[in-house]
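Final position of the sequence shown in numbering that gives the first Met the number 0 is 118; the numbers increase by one with none missing.
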Amino acid sequence: MLYSYIENSFVGNLRTTGRGDVNELRFYDHDNGYTFNAAELSLKKDPSERYRLGYGVVVTAGLDSQKNHSLGIFRDRDDQGPFFRNTEKFYLPEAYVSFLVPVGNGLTLKAGKWATFIG
Numbered sequence: 000m001l002y003s004y005i006e007n008s009f010v011g012n013l014r015t016t017g018r019g020d021v022n023e024l025r026f027y028d029h030d031n032g033y034t035f036n037a038a039e040l041s042l043k044k045d046p047s048e049r050y051r052l053g054y055g056v057v058v059t060a061g062l063d064s065q066k067n068h069s070l071g072i073f074r075d076r077d078d079q080g081p082f083f084r085n086t087e088k089f090y091l092p093e094a095y096v097s098f099l100v101p102v103g104n105g106l107t108l109k110a111g112k113w114a115t116f117i118g
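Here it is, written out as structure tokens:
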């Protein structure tokens, strides 16, 4: 399955904003006009009885990706600030392989990095 999207925004405040043109109540909004928020490309294949090996890769880019980094992938412990201005503007939210084990109705094993149900 191949999936992708692009997200852009235009933000303008009628009053002044906080430090660095950032609306402190809204983490992803910047008061500087047009913003390229995010682009995502996702390629996934679930394992099946015919092809027991599956995989998934998701790559994102943009200002939103700069704020969504987990520690260890394009971000280290030194970059802690509230706005993560020093992190890369691309991210790898998911990269995994999966395998369908023929036990019962099928047991799927997955290894790698993937998003959780709570984000």
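Even for Gly, the Cβ is constructed at its ideal location relative to N, Cα and C.
Close CB contacts of L106 within its chain, under the 8 Å cut and outside five residues either way in sequence, are with L99, V100 (chain order).
Distance from G61 to E93 at the Cβ level is roughly 17 Å; contact not present, criterion being Cβ atoms closer than 8 Å.
By the neighbour-count definition (other C-beta atoms within 10 Å, threshold 16), D45 is an exposed residue. According to DSSP, residue pairing for A114 in a beta bridge does not occur. In this structure, V57 is the residue among Y90, E87, V57, R49 with its C-alpha nearest to the C-alpha of S3. The Cβ atoms of E87 and T59 lie no closer than 8 Å to each other. The Cβ-Cβ distance between T34 and N7 falls below 8 Å.
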